[in-house]
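Structure first, then comments.
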Amino acid sequence: CSASDRCRLYALYVRQMLEQGLLSSNFLLLDIAPSLPLQTFLRQIPNIKYHSADKFMKGVDFTVDVTNMDGVSSETYDMFICSHILEHVDDDRRALSELFRILKPGGRGILMVPIVLKLEKIDEDPTITDEAIRWKRFGQYDHVRLYSKTGFIQRLQGAGFMIKQYDVEYFGKDVFIKCGISLKSILYIGKKDG
21 CSASDRCRLY
31 ALYVRQMLEQ
41 GLLSSNFLLL
51 DIAPSLPLQT
61 FLRQIPNIKY
71 HSADKFMKGV
81 DFTVDVTNMD
91 GVSSETYDMF
101 ICSHILEHVD
111 DDRRALSELF
121 RILKPGGRGI
131 LMVPIVLKLE
141 KIDEDPTITD
151 EAIRWKRFGQ
161 YDHVRLYSKT
171 GFIQRLQGAG
181 FMIKQYDVEY
191 FGKDVFIKCG
201 ISLKSILYIG
211 KKDG
């Protein structure tokens, strides 16, 4: 299917929502920095009204900076996908605040970042612009932070999200193996009370 294992995990979660009757008609979903295989899958689900957005990518429905989505009304979306974006953003707290704002009460978002389990707290410094230093410190030339698991969860909760973590025990080992998903994968879902 050409999808990454994390995209297959998101598709598995959405398929489960569909099976549980959690996708009402006209379920509005915003996919930020979309991947083509996941986008193709989501656009095929009749209940989902799908929107894509990105700051730089061509061919998306909206050009948007995740830290300033003034063009999106508050409480618009039932769900969003924000996968491996926050580690690139100078002000991830502002981005999380915006994501929380655009989510309807009772809505949810897939919030995923690379997590370094050995870290006790988030290591970040958006002022570092030298690519070699970013590679050495953050593992990629365009990353501005490394997330610890505890730090990531605290940051999500600080924005107002209630956090749910879904892993192999939730989905089942056989399902993860069949879908080619790492048995260590954890899906982080942020929910907005309502």
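Using the numbering used here, the first residue of the sequence shown is number 21, and each one after it goes up by one.
Ideal Cβ placement from N, Cα and C applies to all residues, glycine included.
For residue i, is the classification buried or exposed, using 16 other Cβ atoms within 10 angstroms of its Cβ as the cut-off for buried?
{"i": "serine 168", "result": "buried"}
{"i": "valine 34", "result": "buried"}
{"i": "lysine 78", "result": "exposed"}
{"i": "valine 195", "result": "exposed"}
{"i": "glycine 171", "result": "buried"}
{"i": "lysine 212", "result": "buried"}
Going by DSSP, what residue range makes up the beta strand (DSSP E) through residue i?
{"i": "lysine 211", "result": "207-211"}
{"i": "aspartate 51", "result": "47-52"}
{"i": "aspartate 74", "result": "68-74"}
Leaving out five residues before and five after residue i in sequence, what residues of the same chain have Cβ atoms less than 6 Å from its Cβ?
{"i": "phenylalanine 181", "result": "Gly210"}
{"i": "leucine 49", "result": "Ile68, Tyr70, Met99"}
{"i": "arginine 157", "result": "none"}
{"i": "phenylalanine 191", "result": "none"}
What are the boundary residues of the alpha helix (DSSP H) that residue i is part of?
{"i": "leucine 203", "result": "Careful: leucine 203 lies outside any alpha helix (DSSP H) and carries neither H nor E."}
{"i": "glycine 85", "result": "Going by the sequence as given, residue 85 is aspartate instead of glycine. Per DSSP, aspartate 85 belongs to no alpha helix (DSSP H) and is neither H nor E."}
{"i": "alanine 23", "result": "No alpha helix (DSSP H) holds alanine 23; DSSP gives it neither H nor E."}
Leaving out five residues on either side along the sequence, give the residues of the same chain with a beta carbon under 7 Å from the beta carbon of residue i.
{"i": "leucine 139", "result": "Leu166, Ser168"}
{"i": "glutamine 177", "result": "Ile183"}
Going by beta carbon distance, what residues of the same chain come within less than 8 Å of residue i, once the five residues before and after it are set aside?
{"i": "glycine 159", "result": "Pro134, Leu166"}
Would the beta-carbon of residue i fall within 7 Å of that of residue j?
{"i": "serine 94", "j": "aspartate 81", "result": "no"}
{"i": "leucine 131", "j": "cysteine 102", "result": "yes"}
*Can you list the alpha helix (DSSP H) stretches of 4 or more residues lying completely in the region 130-188, in chain order?*
Counting whole runs of 4 or more residues, the region 130-188 contains the alpha helix (DSSP H) stretches 151-158, 169-178.
What beta strand (DSSP E) runs, 3 residues minimum, are completely inside the region 90-132? DSSP runs (the beta strand (DSSP E)) wholly in the region 90-132: 97-103, 123-132.
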